[in-house]
Structures are given as structure tokens and as C-alpha cells.
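Residue numbers (UniProt numbering): 1 to 755. Cβ coordinates follow ideal geometry from the N, Cα and C atoms, glycine included. Encoded as C-alpha cells, the structure appears first; notes follow it.
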């Protein structure tokens, strides 16, 4: 159950430190007098004059293009009612926070002390030069309808009342998917809508735009069914009058296919739900208390598809799935409005995303092992990182197609990269690796295929054309996992080294292995015995040409998994020590860490070789390595074994490779702080751009560093990438996610292409 929030905790959260939830942060340098002169007088005159000459330059020289106004008068605050503009301000700040964390959109929240429609509209209209878009929030009906309609006509920037359209868009996507699951058509179903406010009207209109028939609706307000013989209806409610002989919600629910709740809690009983048609769809979206609770509804109808606004049950209809990404797409093409085409594009993008394989991080966030499209998963989860790169481009494309985009997107690949970068997830290097892998996919052995994460990764790399998976493990166990989790790996080879069918390969591999190891303490019997182990069988497949790469290690310890690779595949010519490298995806771009997994306390000569291997690996990603050999000392400032060996390694590297940007020994923070480096050590090769590659003095330092950055800073990591082997064999860390496995497969494929 969802935990109850204590009043004291909520108040302390909002009051602690700097009061409130948002602040303004400068985006330009401001530390020097020159910076201030550029930011304000006299330098600021130049962009002012440029904008005066061409008003569109306001998007070039100011924050307008990424700034949304969240505007309310506090007259209908989420379940609290008419509490006034000051009392509504925490909600508007919260909305601003969601805009920022989900779509990197900046927000000024504006609370207006007026309920007069003309005054409200005029105030927003004269603020138009400041903002790229307007999100109307928590304004009571019917004033909210008129305010939005007038502002959409009178402003040339996108305007949306999220209370109306947000719920409509999210619930419409969920409804399309629910109907697909039960095999009903939207034009045929009978829909009961309980509630007749802004959200209910908007939802109903959007469902009609998707094909629902108005004659199939029954709408109820606080007085009962909206009938044609009622004299108290405004023009909006009148659109949904029914001539059917129904007076109460209870009567309306009989044989209904769909219930849409946008009213208040506990107004629907189990008997009402039982009276609905087969495969009933119930969206009880009143917050925080639904019209009927999830457990009660599911108990009443085992065949139900149930959604609520709550996060503690499946199928949460949450507006955060929509508004950040809709505005992101609208802002990025400078749309003059948010029209029906853009809203429908968001609906279909959300519906389609729910049908795709769910990332591990989403499963983990919700304590699930394998979320998949079905009755309990009809809409994406708010933590899904793909929402931004799925919904925003769909909305932007719809704005362009419908003729309201003033700044069309021409390079969609660059746009998607820009979107990913906005959230600090610089996936350019991942994109490069994945695209390169797809250009010539290879056969990759998954040595630990009796693991669901591995199977899901195998599914993804096959579906996306990254690799041709080969699964190792007990065939019946793997097939059971595939069936139970609704995976599609029908024609993927599954090999069990212990099964009689593999006797021929076992014999072939054992003979090859015996030849390699007969003078290293292995006899023919022992060689054959080793081949029954999947790690040995897998690397022998690569060595014998039956596959191109191996991914292993998810369920075994690192030394046991790397040993077969060293014994069977062996090192590249001239390589004395293999090494492990991680790629960390940070806001400053990818960082490369070595050696993070193999060498405990490397010598000077081994540090030199690790650096050379790492530099070559970084270059393979079309990135120029800028290498810092890190320690606790800066260029001889402190003594000690680690500092001395890093200093000596740098001397050797600079002598052997004068073209290489490599320096040290240096403290890690100084390797990135170029201002400090210029001030204190202007001779350094890192003084211009800083480091993107760190070489550590020992395994302890490197392992601690990358784990701190991934766990504390939350950076994505790719690795460990084994450097120095003749053929690609990669050993996953325990607990690697599906995403990390896919990245490692792509790395292995790219390596196999080169070798």
C-alpha cells in the first residue's frame, strides 16, 4: 500500500534549507568582471539590438524557447478545491520541478489573484513575450474552458490546460491498449463517465476523436445521468446528453464496457462492477481515493482491466507521462499551439511504448521481475527513460505535419541525441556503438542463458539486429523461462554442453583445448571434462569459429570467468597483461576508467601497457583520448610508491608516444579542472580540455572510483571491457542490468567486426 505522508514530514520537506522546491541557476559564466559586463551592461545591449531587428532572435539569445509559465489562480487545486493563489503555489512549484526533471524545461510559476476571466486572460497575454509556452493549472470549471480557448486564439505560443488534456491523453493511450488486449473496438464500446468537469469533458472528446461514438456515452454529474430532459446543463455537458432510460450511475453501469471515473472516491461498488459487460475496463482516476479501490475491483471481476491514479497499483494514469514531453516537442519546433494532431500523436506514442520490452531499471523501480504488455501493464511507467525520446519527437513531428511548427526539425538523429543529453544521459557513444554493431551483426554466445536478464538482452539484440544470439544452458529450463516471460526467441540456438547432442562438438573442442594446454598440466581426460562447463564451451566456440564473441560472467565470480578466456583465446600479439576498462556516461561526456577489474597492483611497465591498451580502445570509438594517470600527488608534489610509479609511467609514455595526450601523476579533480590546472601547472598536456581517460595506480583505487560514480552520482556505465585478448570475450559484473548486457554485446560485436 502507498505510505501515508505525515503532515510534519511534508511541511519540513518544503521548508528545509532554501524554502520551496525550485530556484534560478545561471547558465553562463559570472565569476569575473568581464563575465558580468557581458551578462549585463554594456554587453547585454548587443543581443537586445539583435532582437529588436529580428524578434525571432529572442529564441537565440534568451531562455524564452525553454521557458514555460505554470499559471493558476488556485481555484481548483488537486483535490483541495478553491484555496487561493498563495496556497496553490507549492503545487505550481511542484509542477515546475516535474517539467525540469522529466524534460529539462525551465519554469516560472505564476499565481494570479483573480477569478475574473477577462483579467486572467489579459494578464497572461501581456506576459507572452517572456515565455515559450503556457501550462494552465488548477483553474475551476467552467472558467478554465473559456480561459484556455481564448488564450489559444490570442497567443502565438503553445497553451495547454493540463488538468483537461493531460488526463485525457494518458487515459486515451491506456484505453486503446486495454481495448486491444480484450479484442474490442473503440467505436463499439459503451462508455460511462462519472464526472462532468474539465477533465471528464476533455477525456470524452479525445476518445471521440479516436473513434468512440457519442451515442455510446453516458455521463454522470453530482445530480445523476446527464439526460436530454434536464434543464440545468451548460453547453459542454449538453454535448453528452443521453436519451436512454437511465437516471443513476448504478443503472448506467449495467452492461457498460468501460467506466471512466473523474469524480470522487468510493462512489462505485463491487456490485456495479459485476454488472458491467465481459472484460470490463475500469479507470477509477479520482485522487487520492479512487471511485473504487484496486483490490475491491479486482476481487469483484477477475477479468477486469483496472487503472487508477495511484502509484502503488498497476496501470497508474499519471499526467507526468504527458505534459513534460508534449511541451518539450512543442517548444523544440516553436509550435504556435498544441493542437489535436499533437495530442493524438502523444496518445499513440504512449500506447506504442507500452508494447515494447521494459527496461530493467523500470522493473527494479517497481519491484517487478518482468513487466510486459498485458492487463496489468497497459501504460508506461513514469520512470521509463524512453518517454522523452519517444513522446517529444512524436509531438514535434505532428506539429510539423499540421503546419504549426515555426522551426522544423531536419536531423532527427541529432534531435534524439539532444533529448537524451538533456537529462544528463549522454548516450552518443552508446548510439555509435549500437549503430556500428547493427551494420554487421555477429554471432554472440550467451554463456549464462538460464538467467532472465540475459534472455531479455538476447531478445533485444536479436530484435534490433545487433547480434545473432546463441544460448548456453539447460534447454528445458531456458525454454520454460522464455515461455513464462512471453519472450520471442523461437529460432535462436540453445545448446547444452552436457546434452548428448553436443558430443561431437565436445570431442572437437576437447581435442583443440588439449593441444593448447597439454604442456601446461592438462591431460586429455581433464580437457574433455572442462568442455562441459559453459564458460569453456563458449570460448571454444569462438576459438573454433562456431561463434564470434562470448558474453559471460553474470552469475559467476570474475576470476573463474576470465580464466577460460585467457587459457583458450589468449592475449593479442605483444600483449603481456590484459586489462579491464569501464565507460561512464556523464554530463561532461563519456569518461574511460582503467584498470578496473584485472590487475591488483600493476608495475610501472604494466601501467604503461594498460595505458596503451586503453588509448587504442578509446580511439576505436572515434574519440581522442586525453589521459590522466591519477594519484594523490601532482607532478612530484608528494612522495610515495603509487605517486612515483605513475610519474615514471608518464615519462615512458611521453617518450614512446609523443603524439599522445597523457600526463600525470595528477590528482583526479585537477585532471578535470582546467582553470586550476592553468593556474598551477600551465605546462600540462591536459591544460586545454582536461582528461577523458583516467588510469589508476591499483585495482582498489579504480574499482572504488567507478563504483562511487555509478552508485552515488548515478552515471550509466558500460563495462567492464576486457582489453588485450585476441578475440572478444567479455565478463559481466554480477548484477549487470539488461541495458548493460546489451551494451556489452554491442561492444563485443564491434570488436568482432574489427578482428
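Asked, Found
"Using a Cβ-Cβ cutoff of less than 7 Å, which residues in the same chain neighbour residue 227 once the five nearest sequence positions on both sides are dropped?", "241, 242"
"Under 8 Å between the Cβ atoms of residue 756 and residue 109?", "No answer is possible for residue 756: it lies beyond the span of the chain, which begins at 1 and ends at 755."
"Between which two residues does the beta strand (DSSP E) holding residue 194 run?", "191 to 194"
"Using the beta-carbon count (16 or more within 10 Å), is residue 498 buried or exposed?", "exposed"
"Under three-state DSSP, which class holds residue 106?", "strand"
"Where does residue 44 land, buried or exposed, given buried means 16+ other C-beta within 10 angstroms?", "exposed"
"Using alpha carbons as the reference points, say which of 64, 86, 51, 82 lies closest to residue 756.", "No answer is possible for residue 756: it lies beyond the span of the chain, which begins at 1 and ends at 755."
"When you compare the CB positions of residue 394 and residue 349, do they come within less than 8 Å of one another, or not?", "yes"
"Quick one: complete beta strand (DSSP E) runs, 3+ long, within the UniProt domain \"Malic enzyme N-terminal\" (19 to 152)?", "67 to 72, 106 to 111, 133 to 136"
"Out of 337, 587, 298, which one is the CA nearest neighbour of residue 422?", "587"
"On a CA-only basis, which of 726, 229, 685, 64 is nearest residue 548? Give me that one, please.", "726"
"Straight-line CA distance for residue 18 to residue 24?", "12 Å"
"Could you tell me which uninterrupted beta strand (DSSP E) segments, each at least 3 residues in length, are contained entirely in the region 578 to 648, listed from first to last along the chain?", "579 to 586, 589 to 594, 626 to 630"
"Does the distance from the CB of residue 132 to the CB of residue 157 come in under 8 Å?", "yes"
"Let me know the secondary structure DSSP gives residue 306 once reduced to three states.", "strand"
"Would DSSP call residue 377 helix, strand or coil?", "strand"
"Taking residue 474 and residue 496 to be in contact with their CB atoms under 8 Å, please state how far apart those CB atoms are, rounded to whole angstroms.", "6 Å"
"Whole beta strand (DSSP E) runs in the region 514 to 571 with 3 or more residues, listed along the chain?", "549 to 552"
"Where does residue 737 land, buried or exposed, given buried means 16+ other C-beta within 10 angstroms?", "buried"
"With a Cβ-Cβ cutoff of 8 Å, do residue 298 and residue 285 count as a contact?", "no"
"Measure the C-alpha to C-alpha separation of residue 174 and residue 741 and round it to an integer number of angstroms.", "30 Å"
"Three or more C-beta pairs closer than 8 Å, one from the region 651 to 669 and one from the region 623 to 641: is that the case here?", "yes"
"Within the chosen definition, does the region 511 to 519 reach the region 384 to 402 through at least 3 CB pairs nearer than 8 Å?", "no"
"Going by C-alpha distance, which of 154, 616, 287 is nearest residue 79?", "287"
"Let me make sure I understand the geometry here. Which of 230, 84, 209, 330 has the alpha-carbon closest to that of residue 67?", "330"
"For residue 239 versus residue 220, is the C-beta spacing smaller than 8 Å?", "no"
"Checking the sheet assignment: what are the DSSP bridge partners for residue 219?", "193"
"Which residue comes first and which comes last in the alpha helix (DSSP H) that contains residue 334?", "Careful: residue 334 lies outside any alpha helix (DSSP H) and carries neither H nor E."
"Residues in its own chain within less than 6 Å of residue 358 by CB, not counting five upstream and five downstream?", "371"
"Measuring CB to CB, does residue 719 end up less than 8 Å from residue 583?", "yes"
"Let me check understanding here. Comparing Cα to Cα, which of 91, 140, 341, 257 lies closest to residue 22?", "91"
"Going straight from the alpha carbon of residue 352 to that of residue 684, what length do you get?", "52 Å"
"Are residue 455 and residue 482 closer than 8 Å when you measure CB to CB?", "yes"
"Relative to the C-alpha of residue 437, which residue among 749, 31, 605, 120 is closest?", "749"
"In angstroms with no decimal places, state the Cα-to-Cα distance between residue 48 and residue 28.", "17 Å"
"Alpha carbon to alpha carbon, what distance is there between residue 170 and residue 400?", "22 Å"
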